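First up is the structure itself, then whatever we jot down about it.
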Amino acid sequence: MTVGTMVFAQDVLDEEEGGTETLKAPKRKTAADTNPTINIQGMVTDQATKQPLAGVRLQVLNDNRYAAMTDANGKFTMKVPTFATALFVQAPNHLSQQVAIIANDEKQMVKITMLSDVFSPMYENGTEYTAKNSFASNGNGLTIDEELGIKLGADVRAIMHSGNIEQGAAMFIRGINSINANAQPLVIIDGVEIDMQRNRASIHQGDIFNMLTTISPEDIDKVTVVKNATALYGARGANGVILIDTKRGHSMATRIDAKIGVGTTLIPSTPTMMNASQYRSFAVEQLGTIKEVQEANANANVQLDFKFLNDNPEGYYYHMYHNDTDWKDYVYRNALTHNYSINVQGGDDVGMYNLSVAYIQTMKNVKESSFDRVNVRFNTDISLLSNFTTKFDMSFSRTNTNLFDDGIAEDLTSGTVTSPTFLSWIKSPLLYPYQYNKNINGFTSLLSEADDLYAPLGSTNSIANPLAIIQNGSGERKNRNENTFFNVALQPTYEFNSNLKLTSLFSYYLNRNSQAYYRPNLGLPSFYIEGLGTVYSKTASLFAKETNIISNTHIDWQKKYGAHDVAVTGGFRFTYFSYDSADLATQYSNKGESDKNPQLGVSQSDFVEIKGADDVWKNMQWYASGDYNYMNKYFATVSLLAEANSRFGENASGAVKAFGTKWAIFPSVQLGWVITNEKWFPKNSDINYLRINAGFDMSGNDDISNYAARTSFSAVRYNYTEIGMQLTNVGNDEIKWETTKKWNFGVQANMLDNRLGVNFNYFIHNTDDLLTLKTFTTPVGGINNYWSNDGSVRNTGYELALTGKPVSTKDWKLEVGASIGHYKNEVTALANGDYATSVYGDKNILTAVGHSVGEFYGYQTANHVFASTVEAAAAGKEHVNSEGKTTTNLYMIDEAGHKVDFVAGDTHFIDQNGDGEINEQDKVIIGNPNPDVYGNIFATLNWKRFTLNVGFNYSIGNDIYNYKRSILNSGSTLYNQQVAEIAHWRYEGQITELPRLCYGDPMGNNRFSDRWIEDGSYLRLKTLSLTYQIPIPESWQSWLQGLSVWGECRNLFTITRYTGDDPELSVSNHQLYQGIDGGNIAQGRSFTFGVKVNL
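Quick note: the sequence shown uses the UniProt record's numbering, first residue 1, plus one each step.
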């Protein structure tokens, strides 16, 4: 199987963790050795001390029949076949390595220098990380995807969704291969394919479900990223594959590892908002732009009573409206985290086991919100007979999240604002969270209601009390998300002989998700919903259950014929997914409902909405793969997979019809050449290892509705009273998978006694038959679109990783490295031509041939607003405006069809077509969320018993749409604004980038434009850790194997020009939502300290 770039089987013997076990003599095969042999000799030394190494094990690469060990002087003599071109060398506390030799040359002297195993491995199968080097390091990572973002650099572009770490990251491998379907990698844990449920919605705004939260990073043994040669994963492999192997037992001696970590996450960066004085000035000026206020001021008989403008200290309302409240103090907190784990492994000749138990609890940065998880995993390897073994694995995980709405809604007119974080920014600082009692001349412990600061203007400007949401919205059965995951797997293997074996994997997992939502009565304004009426509180619940059954049976045959090594695999895989859910939402019109013990039942509700899903998806795959290796120099891997899938239409084009169904065919060919193993290549030179890989493969993407190929109906409630049926989908029996064709070329080299490593890969991905919505010429039963295959996307790019070991002495060891990734994404064909999608804006994400997926499409602006009337009058063409005057200003057409001029203080939009009117025709590409380059930088310094790790990640050239700033710097509402809004235009001749205040923004000064597009480039110190291995007294060593203490900092600092809170953000898993700051909570600095004990 090809992993990362190109990998072929290597007979790498298992190493005990830490490399401290005594190496044993090889178990030689009993088959007679008929290959002609020669004797070679050499010497092995330690790179740091320059001293010879005794007890080093050497064998012919991929053939343990020819092996030897070094003597006390580090010398060896061994018999090798005449065609042997490389040795595999292994020693305790040192990195294993390959060493090239000259075939059929008895005169050669092989010189081998070995590095300490504190350095990272030299021969990575694509991108592999073992427990020792990453996930078992002294980190306090909450999720695997958080660790992937730190460790994998350019191999996986992992973008954390927010400061709610349990939400994980959006992950992309080698660009974006789809527009509408999933563009993130397939995840397989211990051979079990996991449905990541990336398209499943949460009932809480800003919450993103993450299946990887169900597994503890402490359970991870190895992570492998498969970037090409994904044909063997069929219609789910187009976006790459992440293989996760959990820990298994490797030692008969019982070993116990326990770890405790305690830490805190500081309050993250938040917008700097106006104080009371600044806001009062802003509010007074803004009120002057409101029509009702203007009319009242013009009529002496009408007075609008804005109580906050009454400055009489004796007034009844004075203390209610003359405060200086920083609402963030009532919403945010520093968050405490504690993490416990224990791992036990052991066994005997019959069976080996690994048992792990972990518990983590973290108080999140929003008050009364938290996350906790308990994990139990039990992996066993049992020898039933000498030729019959089995793996039996069980795992259980339960997570509980107390949460609230987060971020800013795409449509702020769709309902009451209920996100405490957003409310803490926009709530007037003139108000206070508690009620004032004039009788006691002070504030009480009673929470204040939604404000009536602008009551004369109606209730639409009333804003909720965020503290009321936090206090009354927390508790049992209120705002909660619980998830339970259970998996059991059995994998027996029967060996017919040393060359042939049969393996079957049978797996079942159950994932249950239960969510509860509660919007309190107290402290929130009422809200009018068309068709319902005025509502106050709301409850909602969602219960979902997913079951997965997998069967994967394959037969494996391998044989050596002298210099030829052949391996063949053939098998059948069956997968069954079932997902059903019930979603209940209720609205209440009774304001008197108690928040402390709310009646959360349907019977007490005024309006009820029930939805659900009952999805089943099945597929089966026949596959075959063959590996050929000649003299460890020339490699070839050929594979073929045929897949039948319940999502495919009966008449899917391009499919092969057989056995009564349609089959998708996915081939792969990968080639490799290890140049250093050529006889003519100089040995003992500065180049220790050089390999070239190239290949082609096809894989697919079936991420579409389970029933897109079929016409379907669903129940619907009309006017919230009558039940009926309506058409919801018009089936397309030609629907099929997206097809991605991948070309790859790679070079891997180790040089200078393996102290410098270089890994370079170039790739071309062409995706055809994009899953897309086509438009009916005439709507069918109210349906305008149907799923089809049309369009293409192309990704080209490269990945470069450099690793150096510049310092290697007895006491000091330093390793540094960096990676850089680049991809160019381009839409090459579309079904219905170019189009724009509304994402946190109005048709602001462009999908167009010749452009990248997700580009920002909007208006271009001048450097400043119109500073004066003269400047505004010189910008357009002559026309008659809405007032009947002939002007030369730029203008727009209002809802009544009138030409309204842009005047002094308005945003100066660029009239792209020169017609004098600012409209959709003037929109252009104004930004691109895809980076030019991205990757990581790391360094590891070892001094005696101390280990210092430093890890940076970076992204350069990507743009961010700062939606949050477009709300907090709009100057068009009565929301509190960022301090920067003070610099808005006020007088003739003022040079500023911020337009005049105008309630409701009738001129569209804040429409989607390059005002809100910022450079999202950043360099972040993602992790900094220090570990100390405490010396163990000799009298304790019989029961205590190791003791270490450690400290770690994350997100210590970020270098960026982005004005938002955090440039690393991903508001959704969907690729069209990338690069948008939706106001979700940012990542804060975290500090963790802990201890690890090895018994």
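We treat Cβ as the ideally placed atom computed from N, Cα and C, and that holds for glycine. All values reported here derive from a predicted model rather than from experimental measurement.
So, for residue i: in the same chain, excluding its five sequence neighbours on each side, which residues have a beta-carbon less than 6 Å away from its beta-carbon?
i            : result
ASN354       : LYS247, ARG248, GLY249, GLN345 and ASN379
LYS391       : ASP381 and GLN491
residue 1119 : In this structure the chain extends from 1 to 1095, so residue 1119 is not present and cannot be described.
Could you pull out every residue in the same chain whose Cβ sits closer than 7 Å to the Cβ of residue i, ignoring the five residues on either side in sequence?
i      : result
ALA464 : THR416, VAL417, THR418, LEU423, ALA450, GLY523, LEU524 and PRO525
SER868 : ALA904, GLU988 and GLY989
Round the Cβ separation of residue i and residue j to the nearest angstrom and send it over; I've been treating them as touching at under 8 Å.
i      : j      : result
TYR434 : LEU447 : 6 Å
LEU727 : GLY782 : 7 Å
LYS657 : ALA644 : Between ALA644 and LYS657 the Cβ distance is about 10 Å, and since that is not below 8 Å, they are no contact.
ALA516 : ARG573 : So it is not a contact: roughly 37 Å between Cβ atoms.
ASN976 : LYS328 : Rounded, the Cβ-Cβ distance is 11 Å, inconsistent with contact.
ASN844 : SER838 : 7 Å
Look at the alpha carbon of residue i and the alpha carbon of residue j, and state the distance between them as a whole number of angstroms.
i       : j       : result
GLU981  : ASN969  : 6 Å
LEU58   : ALA84   : 13 Å
ASP46   : VAL99   : 15 Å
ILE260  : ASN339  : 6 Å
ILE408  : THR828  : 34 Å
LYS633  : MET43   : 24 Å
ILE665  : ALA642  : 5 Å
LYS877  : ASP915  : 7 Å
ILE610  : LEU1072 : 29 Å
SER1066 : ASP117  : 37 Å
ASN928  : LEU502  : 50 Å
ASP753  : TRP680  : 19 Å
TYR536  : VAL293  : 28 Å
PHE902  : ALA873  : 9 Å
LYS899  : TYR891  : 6 Å
GLU826  : GLN1083 : 31 Å
VAL730  : ARG1011 : 41 Å
GLN361  : LEU1040 : 28 Å
ASP614  : SER578  : 8 Å
LEU53   : TYR66   : 20 Å
LEU974  : CYS998  : 10 Å
GLY654  : GLY234  : 14 Å
ASN472  : SER369  : 13 Å
LYS1092 : GLY1042 : 8 Å
PRO81   : GLN41   : 14 Å
With a 10 Å radius around its C-beta and 16 neighbouring C-beta atoms as the bar for buried, classify residue i as buried or exposed.
i       : result
ARG28   : Low confidence applies to ARG28: its pLDDT is 44, below 50, so where it sits in the model is not reliable enough to give any reading.
PHE866  : buried
ASP702  : buried
GLU193  : buried
PRO1031 : exposed
In three-state terms, what does DSSP make of residue i?
i            : result
ASP411       : coil
ILE925       : strand
ARG1085      : coil
THR421       : helix
HIS319       : helix
LEU756       : strand
GLN98        : strand
ASN379       : strand
THR1059      : coil
SER1068      : coil
ASN83        : As written in the sequence, residue 83 is Phe, which differs from the Asn given in the question. The answer is coil: DSSP assigns PHE83 none of H, G, I, E or B.
ARG248       : coil
THR676       : helix
residue 1096 : Nothing in the structure corresponds to residue 1096, since the chain is present only between 1 and 1095.
ASP565       : strand
ALA169       : strand
Please list, in chain order, all residues of the same chain as residue i whose beta carbon is under 8 Å from its beta carbon, the five residues on each side excluded.
i       : result
TYR318  : ASN310, ASP311 and ASN312
THR1059 : ASN962, ARG965 and GLU1014
ASN706  : ASP615, VAL616, TRP617, SER646 and ARG647
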